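**Q** Please see the structure below; I have some questions.
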Amino acid sequence: MGNKKEKIVEVSRFDKYAEINEVYSSLDRTYQINVPSNFRMLCTILDVKVDDILKDFMWLVSYSVHSNTTNKRRKAARKFFMSCRYGQPGYSEEQINQMFDELKAERLNYDTIDGMEREDLELFWRNNHMYKQHWFKRWFNKKCRKEAITVLNDY
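For the sequence shown, my numbering assigns the number 50 to the initial residue and increments by one for each residue that follows.
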């Protein structure tokens with residue numbers, strides 16, 4: 050028999066990243082918004098729920114995992130977001146586009162994990178959770194916001 054290399058995985062110091070910190074995770078939120086009558090009527094005619102449209106937009110623009118989506122739909126959501134100038138002047142258009150590009154790159158990593166061994170998947174998700182926290186803190190602090198980072202809980 051040949052020498053079979055044994056894979057050793059050291060993760061103990063990263064145990065805190067086994068699950069994403071709740072502060073940085075997706076959360077259920079309830080919002081009370083005024084839905085314009087024309088929008089309600091249009092949704093009724095087309096038999097589409099207002100909630101579905103809002104959820105689709107959020108998942109598309111954030112490059113989160115979303116079933117039945119295309120790059121064309123993601124680009125359209127991003128283009129709409131940018132045309133509204135959300136986040137400006139706090140961040141430049143170039144910086145916001147960089148944020149989107151980084152979210153897109155992270156999303157593309159998910160497409161590469163099929164067939165990974167269990168231990169490798171655990172490391173992948175720990176790294177992903179660690180990166181999400183780093184990514185948020187890096188961009189949050191670039192704006193020199195006066196609030197504590199825990200303001201994320203309010204959004």
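The C-beta atom is built at its ideal place from N, Cα and C for all residues, glycine as well.
Since we're looking at a predicted model, the values are computed, not measured.
1) Could you have a look at C133 and say whether DSSP puts it in helix, strand or coil?
2) Identify whether T199 lies in helix, strand or coil by the three-state DSSP scheme.
3) I need the boundaries of the alpha helix (DSSP H) containing R194, first residue and last residue.
4) So, under 8 Å CB-CB, S116 and L152 are touching, yes? Tell me the CB distance rounded to an integer number of Å.
5) Could you pull out every residue in the same chain whose Cβ sits closer than 8 Å to the Cβ of Y73, ignoring the five residues on either side in sequence?
6) Given this structure, state the Cα-to-Cα distance separating D163 from L170, to the nearest angstrom.
7) Near Y159, which residues of its chain fall below 7 Å by C-beta distance, leaving aside the five closest residues on each side in sequence?
8) Count the other C-beta atoms from every protein chain shown that fall within 10 angstroms of the C-beta of A197, then say buried if there are 16 or more, exposed otherwise.
**A** With the given structure in hand:
1) Looking up residue 133 in the sequence shown gives position 84. Under the three-state reduction of DSSP output, C133 falls in the coil class, being neither helix nor strand.
2) To locate residue 199, count along the sequence shown from 1; it is residue 150. Correct three-state label for T199: helix.
3) Mapped onto the sequence shown, residue 194 falls at position 145. Taken as a continuous stretch (DSSP letters only), R194 belongs to no alpha helix (DSSP H), as it is neither H nor E.
4) The residue you call residue 116 lines up with position 67 of the sequence shown. The residue you call residue 152 lines up with position 103 of the sequence shown. The distance from the Cβ of S116 to that of L152 is about 18 Å, inconsistent with a contact at the 8 Å cut-off.
5) Locating residue 73 in the sequence shown gives position 24, counting from the first residue. The answer, listed in chain order, is H178, K181, Q182, F185, L201.
6) Here residue 163 refers to the residue found at position 114 when the sequence shown is read from its first residue. Here residue 170 refers to the residue found at position 121 when the sequence shown is read from its first residue. Each residue's alpha carbon lies about 9 Å from the other.
7) For the purposes of this step, residue 159 is taken as residue 110 along the sequence shown, with counting starting at 1. Excluding residues within five positions, the ones whose Cβ falls inside 7 Å are V114.
8) Your numbering for residue 197 matches position 148 in the sequence shown. Residue environment: A197 is assigned as exposed (fewer than 16 neighbouring CB atoms within 10 Å of its CB, all protein chains considered).
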